[in-house]
Amino acid sequence: MRCGLKKQSRHFFRVQNMNANTLKMTEIVNKAGASSKPLSLLTPIAQVKAKLADVMSILGVITCFIVGALWINQPMRVELGTWLIPAQAYKILQDGFTSVPSVADEAAKIPVTLVDKQAIDHRILNSPVERQAVARYVSNKYKIAHTASLEFVDKAIVVSREVGLDPTLILAVTAVESGFNPFAESNKGAQGLMQVRTSVHTDKYQLFGGHHAALDPDANMRVGSLILRQYIAKGGSLDAGLRLYVGASSIFTDDGGYGQKVLAERQRIREAASLKMAKMAGLGQKTL
Numbered sequence: 001m002r003c004g005l006k007k008q009s010r011h012f013f014r015v016q017n018m019n020a021n022t023l024k025m026t027e028i029v030n031k032a033g034a035s036s037k038p039l040s041l042l043t044p045i046a047q048v049k050a051k052l053a054d055v056m057s058i059l060g061v062i063t064c065f066i067v068g069a070l071w072i073n074q075p076m077r078v079e080l081g082t083w084l085i086p087a088q089a090y091k092i093l094q095d096g097f098t099s100v101p102s103v104a105d106e107a108a109k110i111p112v113t114l115v116d117k118q119a120i121d122h123r124i125l126n127s128p129v130e131r132q133a134v135a136r137y138v139s140n141k142y143k144i145a146h147t148a149s150l151e152f153v154d155k156a157i158v159v160s161r162e163v164g165l166d167p168t169l170i171l172a173v174t175a176v177e178s179g180f181n182p183f184a185e186s187n188k189g190a191q192g193l194m195q196v197r198t199s200v201h202t203d204k205y206q207l208f209g210g211h212h213a214a215l216d217p218d219a220n221m222r223v224g225s226l227i228l229r230q231y232i233a234k235g236g237s238l239d240a241g242l243r244l245y246v247g248a249s250s251i252f253t254d255d256g257g258y259g260q261k262v263l264a265e266r267q268r269i270r271e272a273a274s275l276k277m278a279k280m281a282g283l284g285q286k287t288l
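Put into structure tokens, the structure is as follows:
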């Protein structure tokens, strides 16, 4: 009997302990439920605050993503920026950050009579069809986003008007020098799209705020194109100007085939543009 009483008493205490624990858990759950009311039971002001908190959290994530995207390399930055920002807003932002001084006044100091006519062509890349065709060629060959290549093509067109050179020549020099990598740097101190030796041409960057602008695509392409015009005038011909641009000590020094590479790439760029125009003309004749 004593053994039986002991067992019963133990069982009784266990039941009491279980009931006490259950009661505590119930109280905790009730308190938690009371502190987190459904949205429908909140006051109108509280509902607005709750919804605003959700919206702000989403905007915060999007903002962080955009900031991160803008620090990625240029082609990807353009792709992400175009996707994340509405077209009109993106155009405003783009114009705000890419507005740079013109070098037209500096280029005008070099008489056009001294510039080889082979380096000048204002008729090429005047149509959207040509620009798109060349951008596609650049994108495919140099493995960059089409939007980025189109931006480079548009920059070359604008710069060509400032310095009075053929835009396909500027694109060809850029292709051979850096492969359209705006952050390219050589062990000789050449930097940017057109591999300008910053230490030698520091004065030309003063217009853009100093030599720190060497890796800015707009500034670099303008400075590089201005130097190219100067060397063409100094050398007396396009071939001689390209020799001087690559760093030859004189127009008679061998350039290691640099000039031929540039001219060959220029021809391919021009063919990409003219081929597209020819196809468009053919389609137009068929529809007549």
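According to the numbering used here, the sequence shown holds residues 1 to 288 in order.
Glycine included, C-beta positions come from ideal geometry on N, C-alpha and C.
Please read all numbers here as calculations on a predicted model, not as lab measurements.
- Item | Expected contact under 8 Å - CB spacing of Gly164 and Ile120 to nearest Å | 6 Å
- Item | Beta-carbon proximity check, Ser102 vs Glu162, cutoff 9 Å | yes
- Query: How many angstroms separate the CA atom of Leu228 from the CA atom of Gly235?
  - Reply: In a straight line, the C-alpha of Leu228 is about 10 Å away from that of Gly235.
- Give the straight-line distance between the Cα atoms of Tyr142 and Asp203, rounded to the nearest whole angstrom. 31 Å
- Item | Residues of its chain near Leu114, where Cβ-Cβ distance is below 7 Å and the 5 sequence neighbours each way are ignored | Correct list, in chain order: Ala233.
- Message: Let me check understanding here. Comparing Cα to Cα, which of Asp116, Pro111, Ala175 lies closest to Ser139?
- Response: Ala175
- Task: State yes or no: is the C-beta of Gly259 within less than 9 Å of the C-beta of Leu275?
- Result: no
- Query: Any C-beta of chain B sitting closer than 9 Å to the C-beta of Val138?
  - Reply: Absent here is chain B; the protein component of the structure consists of one chain.
- Task: Indicate whether Leu125 and Ala156 have their beta-carbon atoms separated by less than 9 Å.
- Result: Yes, they are a contact pair.
- Message: Does the distance between the C-beta of Pro101 and the nearest non-hydrogen atom of the ligand COA fall short of 8 Å?
- Response: Although the ligand COA was asked about, the structure shown includes no ligands whatsoever.
- Lys111 versus Ala190: straight-line alpha-carbon distance, rounded: According to the sequence as given, residue 111 is Pro; it is not Lys. So the alpha carbons of these two residues sit roughly 27 Å apart.
- Message: Which runs of the alpha helix (DSSP H) at least 4 residues long sit entirely within the stretch 162 to 241? Give them in chain order.
- Response: For the alpha helix (DSSP H) assignment, the uninterrupted runs of no fewer than 4 residues enclosed by the stretch 162 to 241 are, from N- to C-terminal side, 167 to 178, 217 to 235.
- Assign Ser274 to one of three DSSP states: helix, strand, or coil. helix
- For my contact list, Ala145 and Ile269 are in at a C-beta cut-off of 8 Å; report their separation, rounded to the angstrom. Ala145 to Ile269, Cβ: 18 Å. No contact.
- Item | 9 Å Cβ cutoff met for Asn181 and Leu169 | no
- Secondary structure of Phe252, DSSP reduced to three states: In this structure, Phe252 counts as coil in the three-state DSSP scheme.
- Item | Contact check, Asn220 vs Val196, beta carbons under 9 Å | yes
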